[in-house]
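Student:
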Amino acid sequence: MSLRARLVVTRPAFELDLTLEVAPGEVVALLGPNGAGKTTALRALAGLTAMTAAGRISLDGRALHTLPAEGRPIGVVFQDYLLFPHLTALDNVAFGPRCQGFSKTESRRVAAELLERVGLADRAAARPRELSGGQAQRVALARALAVRPRLLLLDEPLAALDAHTRLEIRSRLRRHLADFDGATVLVTHDPLDAMVLADRLIVIENGTVVQQGTPAEVARHPRTDYVARLVGLNLYRGVADGTRVRVGELPLSTSERLDGAVFVAFPPAAVALYRSRPDGSPRNLWQAVIGGVERHGDNVRVHLDGPVTAFADITPAALADLDLTPGLRVWASVKATETHAYPA
Amino acid sequence: MATTEHIRPVKPRRGFTGRPSPSPGRLSGRLPWMLLLPALLGLAFLVLPLAGLLIRAPWPTLPQRLAEPHVLEALRLSLVCATVATAACLLLGVPLAWLLARVEFPGRRLVRALVTVPLVLPPVVGGVALLLVLGRRGLIGQWLEATFGVTLPFTTAGVIVAEAFVAMPFLVISVEGALRGADRRFEEAAATLGASRWTVFRRVTLPMIAPGVVAGAVLCWARALGEFGATITFAGNFPGTTRTMPLAVYLALETEPEAAIVLSVVLLAVSVVILASLRDRWVSAS
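In the order they appear, the protein sequences are chains A and B. For the first sequence, numbering that gives the first Met the number 0 assigns the number 0 to the initial residue and increments by one for each residue that follows. For the second sequence, numbering that gives the first Met the number 0 assigns the number 0 to the initial residue and increments by one for each residue that follows.
1) Between A/F101 and chain B, is any beta-carbon pair separated by less than 7 Å?
2) Please report the straight-line C-alpha distance between B/M33 and B/L42, rounded to a whole angstrom.
3) Can you list, in chain order, the residues of its chain whose CB lies under 7 Å from that of A/P315, leaving out five sequence neighbours each side?
4) Let me check understanding here. Comparing Cα to Cα, which of B/P206, B/L266, B/A163 and B/F233 lies closest to B/C219?
5) Near B/V158, which residues of its chain fall below 6 Å by C-beta distance, leaving aside the five closest residues on each side in sequence?
6) Considering only their Cβ atoms, is the gap separating A/L81 from B/R184 smaller than 7 Å?
7) So if I threshold CB-CB distances at 7 Å, which residues from the region 94-125 of chain A count as touching chain B?
8) Do you know offhand how far A/L351's Cα is from B/V174's?
9) In the DSSP assignment, the beta strand (DSSP E) including A/R294 goes from what residue to what residue?
10) So, for A/R97: in the same chain, excluding its five sequence neighbours on each side, which residues have a beta-carbon less than 8 Å away from its beta-carbon?
11) Once you ignore the five residues that flank A/A123 on each side, which residues in its own chain have a CB closer than 6 Å to its CB?
12) Compute every distance between the C-beta of A/P267 and the non-hydrogen atoms of the ligand MG, then say whether any falls below 6 Å.
13) Mind checking who A/S57 pairs with in its DSSP beta bridge?
14) If you draw a straight line from the C-alpha of B/K10 to the C-alpha of B/V102, how long is it?
15) Determine the direct distance from the alpha carbon of B/V272 to that of A/V26, and round the result to whole angstroms.
16) Is it the case that the Cβ atoms of B/D225 and B/P245 are separated by a distance below 7 Å?
17) Looking at chain A, is there any beta carbon in it that lies within less than 7 Å of the beta carbon of B/A223?
18) Going along the chain, which residues of the region 184-196 of chain A sit with their C-beta nearer than 9 Å to a C-beta in chain B?
19) Sort out for me which residues DSSP pairs A/G305 with in a bridge.
20) Near A/V195, what residues of its chain come up, given a Cβ to Cβ distance below 7 Å and the 5 sequence neighbours on each side ignored?
21) Taking A/V75 as the reference, give the member of A/E20, A/T38 and A/M50 with the closest Cα.
22) Measuring only the C-alpha atoms, how far is B/E257 from B/L35?
23) Could you pull out every residue in the same chain whose Cβ sits closer than 6 Å to the Cβ of A/G212, ignoring the five residues on either side in sequence?
24) Excluding the 5 residues preceding and the 5 following B/T2 in the sequence, name in chain order all residues of the same chain whose CB lies nearer than 6 Å to its CB.
25) Please report the residue range of the alpha helix (DSSP H) in which B/L131 lies.
26) Identify which residue in B/G228, B/S263 and B/V264 has its Cα closest to the Cα of B/P117.
27) Can you give me the C-alpha to C-alpha distance between A/L348 and A/L41, rounded to a whole angstrom?
28) What's the C-alpha gap between B/V199 and B/T232?
29) DSSP on A/S332, reduced to helix/strand/coil?
30) Quick check: A/G291 and A/D304, are their CB atoms within less than 7 Å of each other?
31) Just the Cα atoms here: how many angstroms apart are B/L312 and B/Y249?
32) According to a CB-to-CB cut-off of less than 9 Å, which residues of the region 182-194 of chain B neighbour chain A?
33) Opposite A/L17 in the DSSP bridges: which residues?
34) Quick one: any contact between the region 126-137 of chain B and the region 51-70 of chain B, if contact means 3 or more CB pairs under 8 Å?
35) Going along chain A in order, which residues have a C-beta closer than 7 Å to the C-beta of B/V203?
36) Mapping the DSSP letters down to three states, classify A/E366 as helix, strand or coil.
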């Protein structure tokens with residue numbers, strides 16, 4: 000293990016206590032609802048939030064918790080990136096090496112190299128306010144990597160981006176994290192980010208770990224309601240009348256018999272897509288518009304807009320067969336037996 | 000204190016929930032004269048004396064009066080002293096502001112109150128206090144003279160000390176406000192990049208609060224330039240060494256009023272220039 004930590008932070012009305020182990024080159028995502036303590040955990044690792052005496056952090060066998068933030072071999076990508084507004088992109092990235100005692104020229108050379116790596120060599124002279132969200136995120140990553148950290152910490156690295164930039168930056172970030180040989184801990188509330196970016200998920204609720212494992216394990220055996228929702232189930236709130244549930248405009252059939260306010264959930268893999276209206280047994284059927292398509296493990300995840308927004312997981316072969324492109328109108332269906340309804 | 004992290008539920012004010020607050024200017028109808036009349040009187044009260052100064056100014060002879068040696072001397076002395084005093088205030092005041100804004104220590108509120116005392120203290124009292132401490136028989140003054148052979152009262156250095164004493168709170172308050180308004184997360188980001196606290200201050204904090212420092216320095220300079228009471232008490236009124244513009248104005252008023260007007264116009268001009276340079280930051284922004 001490269002990182003071993005027991006993070007203990009006590010505050011009035013809040014206590015964080017979790018153990019964390021990350022192997023070299025491994026990317027671990029801390030996943031949890033707002034207020035669960037994800038960011039506090041990250042700040043404790045960075046040395047920005049004081050831990051109680053029980054807290055321990057060791058990185059590559061060295062005690063980290065005794066060092067101040069500026070003495071820790073870490074790189075942090077903050078949620079709003081926090082690029083220094085008065086410095087150019089290049090000098091932002093050169094800031095770390097400069098603090099480590101490299102000369103101005105040497106620091107700038109390192110910075111230029113890193114900007115090149117994140118594909119922003121041509122934006123070196125730009126101030127942060129002149130950068131787009133995606134560019135700022137990449138500069139922030141370059142700045143964090145410039146100190147040659149042994150531990151990379153990312154706080155909601157994609158949260159500030161719009162949906163379109165997000166898809167592109169997410170896959171870029173995935174590649175950069177794969178190249179990084181130290182330990183990576185990232186914090187996110189977006190299960191999709193966690194699934195795509197992390198090798199292992201640690202789900203936190205109320206300051207403690209409620210579940211951990213590979214994304215697949217966590218998705219297969221959700222142990223809390225929060226996790227179930229988190230791991231890519233399509234989830235809707237509706238009103239049930241027997242086996243019929245109204246979700247907004249859309250009527251759905253479920254296998255459970257319920258009355259009143261309910262949640263209806265079904266996995267993306269249960270959604271079948273058709274180019275034309277399918278015949279056969281009555282099932283939940285609606286017309287949807289393809290919002291986007293992306294790789295998801297061995298499958299392809301299709302984003303559907305329409306009366307309800309949904310994810311559908313299909314095989315690459317099915318994708319080729321259906322020739323799906325964003326904007327296309329398709330029929331989506333889910334068998335009643337594959338939906339799961341429970342009282343809200 | 001860690002208790003500041005407490006999150007308290009915010010109770011919406013009664014009668015204010017759900018409704019958008021009316022934007023200024025939505026109220027229409029006749030302006031109430033009970034407010035309008037005193038408002039206009041107040042405006043006239045502030046503007047008329049300045050207008051009077053400009054009207055009575057001996058414009059045709061102004062250039063030649065300005066060129067008189069004792070005027071130039073007073074002007075030069077004023078500018079030099081105010082500038083050196085401002086530099087001293089920056090050197091001491093910015094770290095003091097940082098201490099007040101960034102370091103938790105017992106009695107911080109008391110220290111902050113003490114810092115602002117010169118702001119409300121009659122400058123003459125300040126001058127007397129300076130004499131008692133830094134005068135030739137003062138607590139520190141005695142030691143200064145014995146050890147270094149330095150005497151401050153009734154010297155140009157004394158003028159600078161008096162001006163700095165009176166003007167520094169302006170700088171400290173302005174810089175402290177800027178520090179409190181600055182996003183501390185940038186300082187945290189710098190720390191994670193390996194920056195020591197001094198480097199963080201020099202390379203991140205200071206550049207980010209630069210506008211506040213500049214505004215504070217300009218106000219401080221303006222206050223130093225106009226300083227009268229503490230200066231005349233502590234440094235006296237010697238032409239060439241301690242007779243600054245305000246002192247010259249006061250003196251001239253008794254002997255040749257026109258010269259006093261000329262000097263006043265010069266000080267007014269300097270004030271207006273300062274106001275113009277700060278108008279975005281100080282006058283309209285708040």
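All residues carry an ideal CB built from backbone N, CA and C; glycine is no exception.
Tutor: Well, looking at it:
1) By 1-based counting over the first sequence, the position of residue 101 of chain A is 102. False, the Cβ-Cβ gap to chain B never drops below 7 Å.
2) Stepping through the second sequence from its first residue, residue 33 of chain B is reached at position 34. Stepping through the second sequence from its first residue, residue 42 of chain B is reached at position 43. Each residue's Cα considered, the two are about 15 Å apart.
3) Walking along the first sequence from the start, residue 315 of chain A turns up at place 316. Excluding positions up to five away in sequence, the list reads V299.
4) On the second sequence, position 220 is the one that residue 219 of chain B refers to. Minimum Cα distance to B/C219 is reached at B/A163.
5) Along the second sequence, one-based indexing puts residue 158 of chain B at 159. Same-chain partners within the cutoff: C80, T230, A234 and T241.
6) What you label residue 184 of chain B is simply residue 185 of the second sequence in a count that begins at 1. What you label residue 81 of chain A is simply residue 82 of the first sequence in a count that begins at 1. A contact, by the Cβ cut-off of 7 Å.
7) F94, G95, C98 and Q99
8) With chain A running from 0 to 343 in the structure shown, residue 351 of chain A is simply not present.
9) In the first sequence, the residue the question calls residue 294 of chain A occupies position 295. Counting along the chain, the beta strand (DSSP E) containing A/R294 begins and ends at N283 to H295.
10) Taking the first sequence and counting its residues from 1, the one referred to as residue 97 of chain A is at position 98. The answer, listed in chain order, is K103 and S106.
11) To locate residue 123 of chain A, count along the first sequence from 1; it is residue 124. A88, L89 and L114, listed in sequence order.
12) The model depicted lacks the ligand MG and carries no ligand whatsoever.
13) Position 58 of the first sequence, counted from the first residue, corresponds to residue 57 of chain A. Its beta-bridge partners are A/R3 and A/A62.
14) Taking the first residue of the second sequence as position 1, residue 10 of chain B is located at position 11. Taking the first residue of the second sequence as position 1, residue 102 of chain B is located at position 103. Unreliable positioning characterises B/K10 in this predicted model, as indicated by a pLDDT of 42, which lies under 50. A coordinate reading is not provided.
15) For the purposes of this step, residue 26 of chain A is taken as the residue at position 27 of the first sequence. For the purposes of this step, residue 272 of chain B is taken as the residue at position 273 of the second sequence. Spanning the two alpha carbons is a distance of roughly 58 Å.
16) What you label residue 225 of chain B is simply residue 226 of the second sequence in a count that begins at 1. What you label residue 245 of chain B is simply residue 246 of the second sequence in a count that begins at 1. Here residue 225 of chain B is Gly; the residue named in the question, Asp, does not match the sequence. Result yes, Cβ atoms of B/G225 and B/P245 sit closer than 7 Å.
17) As a working mapping, residue 223 of chain B is identified with position 224 in the second sequence. No, B/A223 lies away from the interface with chain A (no Cβ there is under 7 Å from its Cβ).
18) none
19) Within the first sequence, the letter at position 306 stands for residue 305 of chain A. DSSP lists no partner for A/G305.
20) For this step, residue 195 of chain A is matched to residue 196 along the first sequence. Correct list, in chain order: R169 and R173.
21) To locate residue 75 of chain A, count along the first sequence from 1; it is residue 76. It is A/T38 whose Cα lies nearest to the Cα of A/V75.
22) The count along the second sequence starts at 1 and reaches residue 257 of chain B at position 258. The count along the second sequence starts at 1 and reaches residue 35 of chain B at position 36. Each residue's alpha carbon lies about 36 Å from the other.
23) Position 213 of the first sequence, counted from the first residue, corresponds to residue 212 of chain A. There are no such residues.
24) Counted from its first residue, the second sequence places residue 2 of chain B at position 3. Here the model assigns B/T2 a pLDDT of 40, short of 50, so the residue's position is not dependable and the matter cannot be decided.
25) Along the second sequence, read from residue 1 onward, the residue named residue 131 of chain B stands at position 132. Start and end: P122 to L133.
26) Taking the first residue of the second sequence as 1, we reach residue 117 of chain B at position 118. Nearest of B/G228, B/S263 and B/V264 to B/P117, Cα basis: B/G228.
27) Chain A is shown only over 0 to 343; residue 348 of chain A falls outside these bounds and no answer can be derived.
28) The residue you call residue 199 of chain B lines up with position 200 of the second sequence. The residue you call residue 232 of chain B lines up with position 233 of the second sequence. C-alpha separation (whole angstroms): 42 Å.
29) For this step, residue 332 of chain A is matched to residue 333 along the first sequence. It is a strand residue.
30) For this step, residue 291 of chain A is matched to residue 292 along the first sequence. For this step, residue 304 of chain A is matched to residue 305 along the first sequence. Contact: no.
31) Residue 312 of chain B cannot be examined here, being either before or after the span of chain B that is shown, 0 to 285.
32) D182, R184, F185, E187, A188, A189, A190, T191, L192, G193 and A194
33) In the first sequence, the residue the question calls residue 17 of chain A occupies position 18. Paired residue(s): A/L6.
34) no
35) By one-based count along the second sequence, residue 203 of chain B stands at place 204. Those are F83, listed as they occur along chain A.
36) Given a span of 0 to 343 for chain A in the structure shown, any question on residue 366 of chain A remains unanswerable.
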